[in-house]
Amino acid sequence: DRHPLLSPDQQWLAFLSQASDKTTQVFLQAVNGGTAKQFSAEKEGVSYFGWQADSQALFIQTTVGAKPKKTDKQWPQPVTVSRVPYKLNGVGLLPEHVAYELRVQRLRQKTSRLVMGREHEFEVGAISPDGQTLAFTAERLPDDPNDFSQATYLLNLADQQVTMVNDQLPQAALSPEAFSADGKQLLLVGSDNHLPNVSQSHLWHYDL
Numbered sequence: 001d002r003h004p005l006l007s008p009d010q011q012w013l014a015f016l017s018q019a020s021d022k023t024t025q026v027f028l029q030a031v032n033g034g035t036a037k038q039f040s041a042e043k044e045g046v047s048y049f050g051w052q053a054d055s056q057a058l059f060i061q062t063t064v065g066a067k068p069k070k071t072d073k074q075w076p077q078p079v080t081v082s083r084v085p086y087k088l089n090g091v092g093l094l095p096e097h098v099a100y101e102l103r104v105q106r107l108r109q110k111t112s113r114l115v116m117g118r119e120h121e122f123e124v125g126a127i128s129p130d131g132q133t134l135a136f137t138a139e140r141l142p143d144d145p146n147d148f149s150q151a152t153y154l155l156n157l158a159d160q161q162v163t164m165v166n167d168q169l170p171q172a173a174l175s176p177e178a179f180s181a182d183g184k185q186l187l188l189v190g191s192d193n194h195l196p197n198v199s200q201s202h203l204w205h206y207d208l
């Protein structure tokens, strides 16, 4: 079990754990006792979750197409890659043709609905106190093997508009950490990338 997160109303403890089908799912445990129960049922598992401001729903991050397909063939099969960074240490070959999704699921529902889908990987880092804005990080130029920038974006849930936060420092590699209590400021961590992969990380403050 990992990533425990208490609901804003302090009634539920959510955490990630392995389900019976070996995927990672969100489980819920009532603070006043009882047995933890599986909440999400995403086909390829959950990589991130966060509470909505009213404690009545959870934002869930998942993928579509990343799970290796089972094959009866005895020998290793050739793999076609379409980009220069095609593997990572500890991960191996990076999956191709994967969809990355952010979904939301209410506590009384058994299924989730799509909030945002992207062709390239992203990671949600912070949710505003009013639950109307999500901050996430993603590679700014994912198809450019010579670019090391990582931008922070804001997703407005009302109109689905996505805005880049660090547009005045586009070469930076920044990740969102937390909103201020009034939702008007954002704390980030990362570097300005003046020396890619070498520059030290610092805390950054943005007025939104």
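Residue numbers are given in UniProt numbering: position 201 of the sequence shown equals residue 201, and the series is strictly consecutive. Ideal placement from N, C-alpha and C gives every residue a C-beta, glycine not left out. Model, not experiment: these values are computed from the prediction.
Within its own chain, no residue has a Cβ closer than 7 angstroms to the Cβ of K73 once the five positions on either side in sequence are excluded. With respect to Q25, V46 sits close: the two C-beta atoms are nearer than 7 angstroms. Judged by pairs of C-beta atoms under 8 angstroms, the segment 105-122 touches the segment 131-146, as three or more such pairs exist. Counting C-beta atoms within 10 angstroms of its own C-beta, T111 has fewer than 16 neighbours from the protein chains shown and is therefore classed as exposed. If you ignore the 5 residues before and after D1, its C-beta comes within less than 8 angstroms of the C-beta of F15, L16, S17, F27, all in its own chain and listed in chain order. For E42 and W12, the gap between their C-alpha atoms comes out near 20 angstroms. Under the three-state reduction of DSSP, E139 is assigned to strand.
For T80, the three-state secondary structure derived from DSSP is coil. Residue environment analysis places N166 among the buried positions, since at least 16 neighbouring C-beta atoms fall within 10 angstroms of its C-beta. Nearest to A178 by alpha-carbon distance, out of L134, L93, Q168, R83, is L134. Under the three-state reduction of DSSP, Q168 is assigned to coil, being neither helix nor strand.
Taking a cut-off of 8 angstroms on C-beta distances, the segment 175-195 touches the segment 124-131, as three or more cross pairs fall below it. Between the alpha carbons of L208 and T163 lies a distance of about 11 angstroms. Taking S201 as the centre and dropping the five residues before and after it, the same chain places the C-beta of V189, G190, S191 closer than 7 angstroms to its C-beta, in chain order. Short of 8 angstroms from the beta carbon of K184, and not among the five residues preceding or following it, lie these beta carbons of its own chain, in chain order: D207, L208.
Secondary structure at V98: coil, using DSSP grouped into helix, strand and coil.
Within the model, the alpha-carbon separation for L186 versus A36 is close to 33 angstroms. Look at W12 here: in three-state DSSP terms it is strand. With 16 or more other Cβ atoms inside 10 Å of its own Cβ, R103 counts as buried.
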